[in-house]
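What follows is one structure encoded as structure tokens, with my remarks underneath.
Protein chains in written order, with this note's numbering: chain A, 129 to 478; chain B, 696 to 838; chain C, 12 to 327.
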């Protein structure tokens, strides 16, 4: 694996080089918040951010995506035949993505890219995209990635990990794709001797700033049905207003809905984000709704992330601790608090 | 654009304006055929969603016509509707729909002449506004 | 603020132990700065979690519709107006309610604070009558409370609850000579095309999460129009026309019912100022029908009522 050093002075030039090879996405400051967007010019990228307000999941799984188009014209010989909508799969780089968000894509792969089921659009986009991440020197007070089996310097979901060491970035490839990406860059330096020490310091400081680590083990060990029927949900669900904010800002919420829209003779099949917070999410054609009550929907979200997923895949939680739902929730339902309640399985105050 | 003709959705109350349209017809009164008439039992039955739906389907104008105040078949349906339409018209205009596209009238079943006059007036003003540009639902602008 | 907290707890305990109510709805301290969580207390011990400060902006009237038990609820001016709405619209009975009126000097806008902090994060916040003291890493700041109120609070003319059984603080002076509609007039002065663009830009970031709808106490339809499928009135993608249709109809459903409590804007994860839709309606309802939502439980809502001489200059 290769490693290089890019001084902050040279950084825009390096971004320019990446842009000459393909599309580059990065955090862009818009109004009061950073969002991932395609860069028009190297200066657009702003790495002085904690994290973006929305997760970058829409780069692979857009909020609304056209899957197929079809014709309904009576005289069209190809009437009613679904035709795949063209997509842009040209090579792209996501620059400055946080380790937690990259880790989230790995978790999402469990849904979109398995041995038996492959979502062609997700898989193709993943294949042609290189994730050049930026380690988190300054986690937010809502971050809890270290509790969710990742961390501010976790490279596991990335192709390249960059670390800000003050006057420049150390970039280290993690995968072959990352190595190839770094090899195309010109005018970069070798890593200075004192950088490693600075890196280690930054890592330690970042991890320590996140405070106490949640103990998830009791949740995994607990009987699923007991947890399901625990009175804690009575307390947790009350304030929820069943909006979709938590699921829409979440990098690991992958659920979607499929809708057909027809205009005149032509139609299209669309895929849209959906949310388990919406009653319609589970509404059956028969009129029955297995999760008609708010408490059932709230429980589903937390149980899915922290219990069902680890149980099914024998792996960590379906949460990377990015804290977006904590920040975004209009009524302050805090997944960290819920996880603590689940671990303690007692509805007494934290 | 010279031969463009507007499409106008006309919501007509069964008990008055719809009858007026009928009477205008049998009286051989002339007005251009730019309307697609939707007969409703009362203007009070018109949900604002209907009007929005017309615009979303590409209508260049919308015309709602019902009974004069006091003449409602259901006593007061048009009086409730009057409040709804006042707010709806204002909000549509406030958010960028041209006032010339939205028309409301009271026409009794005996007022065939008024019907034809208003019909011509509606068509004239919608023509001035030109083809509708906004609120038309086309193929979704998505990824 | 501390005084309110004590009086809320005291009243809540009294009401629960006297068996006057089954539950008390208030706020408990949030897990992050500038946020509190709506909380349902059923026992005296739970009552000790109830708090009050400038971060109680969520409208608690939202938690009342269809409740069948006896409820004590803490209510600011706007909450009380929405409670009146619920009573008028048969969502809850007056007899079920014990309203703990909380005269209000406005709630803090966490977005304005965020803009002021320029990326720094607060760890502790102290709030006094007139000031907010914020501390954090490399951060020590004292802000004038009245400069950081939610926009709707800054122009609020009903700070005192309009309906209550007990007060948890002294009535406050109502703001006089407030220009409630400066921003509406600004839009009214635009050309048609400018108006269209203005609202296009306003809602451009919408992710259709429906937080605005769900945070609104007046939105309680069993099936919302966005979920209706036969016919489908509005598409569910982020197509600009569909997003516009959603925001337009959501606002219109609140015509003559919106109390400008600001719950919608407060809840929006992408900072859309959707009050610009509802405020126009509020202004029109006031000007055309001389009606203000949620003031008088004896009065029918603006669109469930008419006068023979209602304005009709727009009708041919």
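From the three backbone atoms N, C-alpha and C, an ideal C-beta is built for every residue, glycine too. All figures in this text were calculated on a predicted structure; none of them were measured in a lab.
- Here residue 136 of chain C carries a strand assignment [DSSP, helix/strand/coil].
- By alpha-carbon distance to residue 335 of chain A, the top candidate from A:401, A:264 and A:301 is A:264.
- At least one CB of chain C lies nearer than 7 Å to the CB of residue 785 of chain B.
- Measuring C-alpha to C-alpha distances from residue 421 of chain A to each of A:406, A:254 and A:432 identifies A:406 as the nearest.
- By the CB criterion at 7 Å, residue 387 of chain A and residue 297 of chain C fall outside the cutoff.
- Look at residue 51 of chain C: its C-beta is under 7 Å from a C-beta on chain A.
- At least 7 Å separates the beta-carbon of residue 20 of chain C from that of residue 75 of chain C.
- Residue 469 of chain A is outside the set of residues whose beta carbon lies under 7 Å from a beta carbon in chain C.
- Beta-bridge partners of residue 109 of chain C (DSSP): C:83.
- Note: residue 801 of chain B is bridge-paired with B:761 in the DSSP secondary-structure output.
- Under the Cβ distance rule, residue 458 of chain A counts among the residues neighbouring chain C, one pair being separated by less than 7 Å.
- The residues 299, in chain order, have a CB closer than 8 Å to that of residue 322 of chain C in the same chain once the five nearest residues on each side in sequence are set aside.
- Nearest neighbour of residue 743 of chain B by Cα position, chosen from C:306, C:236, C:269 and C:324, turns out to be C:236.
- Taking C-beta atoms as the reference points, residue 220 of chain C and residue 315 of chain A fail to come closer than 7 Å.
- Separation of the CB atoms of residue 313 of chain C and residue 93 of chain C is rounded to 15 Å, and the pair is thereby denied contact status at 8 Å.
- Neighbours of residue 246 of chain C across chain B, judged by C-beta separation under 8 Å: 832 and 835.
- Taking a C-beta cut-off of 7 Å against chain C, the contacting residues of the segment 186–211 of chain A are 191 and 192, listed in chain order.
- Identification of residues in the segment 219–248 of chain C having a C-beta nearer than 7 Å to some C-beta of chain A yields 220, 221, 222, 225, 226, 238, 246, 247 and 248, given in sequence order.
- Judged by DSSP secondary structure, residue 28 of chain C falls within the alpha helix (DSSP H) whose first and last residues are 13–28.
- If you draw a straight line from the Cα of residue 150 of chain C to the Cα of residue 190 of chain A, it is about 38 Å long.
- Chain A has no Cβ within less than 7 Å of the Cβ of residue 749 of chain B.
- A direct Cα-to-Cα measurement between residue 432 of chain A and residue 86 of chain C gives close to 35 Å.
- Between residue 171 of chain A and residue 319 of chain A a beta carbon distance of about 25 Å is seen, past the 8 Å cut, so the two are scored as non-contacting.
- Chain-ordered listing is empty here: chain C has no CB closer than 8 Å to the CB of residue 699 of chain B, the nearest sitting near 19 Å.
- Straight-line measurement puts the Cα of residue 243 of chain C at about 29 Å from the Cα of residue 205 of chain A.
- Straight across, the Cα-Cα distance linking residue 217 of chain A with residue 168 of chain A is about 18 Å.
- Residue range 151–158 is occupied by the beta strand (DSSP E) that includes residue 158 of chain A.
- When secondary structure is reduced to three states using DSSP, residue 415 of chain A falls in the coil class, being assigned neither helix nor strand.
- Using a CB distance below 9 Å, the part of the segment 123–139 of chain C facing chain A consists of 125, 126, 130, 132, 133 and 134, ordered along the chain.
- Annotation for residue 195 of chain A: the continuous beta strand (DSSP E) segment containing it runs 192–199.
- Residue-level contact by beta carbon holds for residue 292 of chain C and chain B, with a gap shorter than 7 Å.
- Excluding residues up to 5 positions away in sequence, 147, 148, 149 and 150 lie with their Cβ nearer than 8 Å to the Cβ of residue 131 of chain C in the same chain.
- Proximity of residue 754 of chain B to chain A, defined by a Cβ-Cβ separation below 7 Å, is not satisfied.
- Taking 7 Å as the threshold, the shortest C-beta distance from residue 325 of chain C to chain B falls below it.
- Unbroken beta strand (DSSP E) runs of no fewer than 3 residues, entirely contained in the segment 343–400 of chain A, are found at 384–391, following chain order.
- Pairing residue 155 of chain A with residue 139 of chain A gives a Cβ-Cβ distance that is not under 7 Å.
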